[in-house]
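Everything below concerns the one structure shown next.
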Amino acid sequence: MPRPRHAQGRPGTRVFPEDWNTAHAPVAAKTMPDACSIRVPGTTQQWSDTLKRNVATPRTPYATQVPCRAQALTSRARDVETGQEQVTVAGYLVTLPLGHTAADQVQVGHIVTLTTGDPALTGRDLHVHEVVAASHRFERDLFCSLVAPPPAPPATT
2 MPRPRHAQGR PGTRVFPEDW NTAHAPVAAK TMPDACSIRV PGTTQQWSDT LKRNVATPRT
62 PYATQVPCRA QALTSRARDV ETGQEQVTVA GYLVTLPLGH TAADQVQVGH IVTLTTGDPA
122 LTGRDLHVHE VVAASHRFER DLFCSLVAPP PAPPATT
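With my numbering, you'll find the sequence shown wraps up at 158, consecutive numbering, no jumps.
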């Protein structure tokens, strides 16, 4: 019987085992030392006893203490002029464990806030610009920036 070449496989054998992503998920989760909260953008009105009026407060996060890993995508931020305003844009990759419920709920436009991790980034709002999805994954990648994405164009009928 000839020795099989590297490119040959057993007919009917899967290249990726059935439980490939679930088997690797615990290993990936160990590489996520930070935690974050995730919320829908916008504010709600709450009464302030000190100001004696309603004040706008950010919406309550739908997920808190989510394990994550945050890393800068570029070594430096860039300044962009939008209308009359100068805005600093910096790109970040925030990674969540795929098995967490927040990984299934997060959408473009949602806001990720680091609660632990790099002190320079903790407490800053990172706006989700893209949510990466694929068939063989064990973590959810979120491409974020310090600037909110532009609103979606109105639907045409």
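All C-beta atoms, glycine included, are put in the ideal place defined by N, C-alpha and C.
Nearest neighbour of residue 121 by Cα position, chosen from 101, 106 and 71, turns out to be 71. Of the candidates 65, 69 and 97, the residue whose Cα lies closest to the Cα of residue 38 is 65.
Contact annotation, residue 35 with residue 115: C-beta distance approximately 6 Å; criterion of less than 8 Å satisfied. Shortest Cα-Cα distance from residue 141 to any of 96, 126, 41 and 108 involves 96. Contact annotation: residue 99 and residue 139 have beta-carbon atoms nearer than 8 Å.
Exclusion of the five residues before and after residue 126 leaves 112 and 114 as the residues of its chain whose Cβ lies within less than 6 Å of its Cβ. The criterion of a C-beta distance shorter than 8 Å is not satisfied by residue 107 and residue 133. Non-local beta-carbon contacts of residue 92 in its own chain, meaning distances under 6 Å to residues more than five positions away in sequence, involve 74, 75 and 146 in chain order. In terms of Cα proximity to residue 48, the closest of 41, 101, 58 and 40 is 58. Distance from the CA of residue 52 to the CA of residue 29, rounded to the nearest whole angstrom, comes to 46 Å. Within its own chain, the residues whose Cβ lies closer than 8 Å to the Cβ of residue 123, once the five positions on either side in sequence are excluded, are 115, 116 and 117, listed in chain order. Residue pairing by DSSP puts residue 92 in a beta bridge opposite 146. For residue 58, the enclosing beta strand (DSSP E) covers residues 54–59.
Per DSSP, the unbroken alpha helix (DSSP H) holding residue 106 starts and ends at 102–106. DSSP places residue 133 in no beta strand (DSSP E); its state is neither H nor E. In the DSSP annotation of this structure, the continuous segment of the beta strand (DSSP E) that includes residue 117 starts and ends at 112–117.
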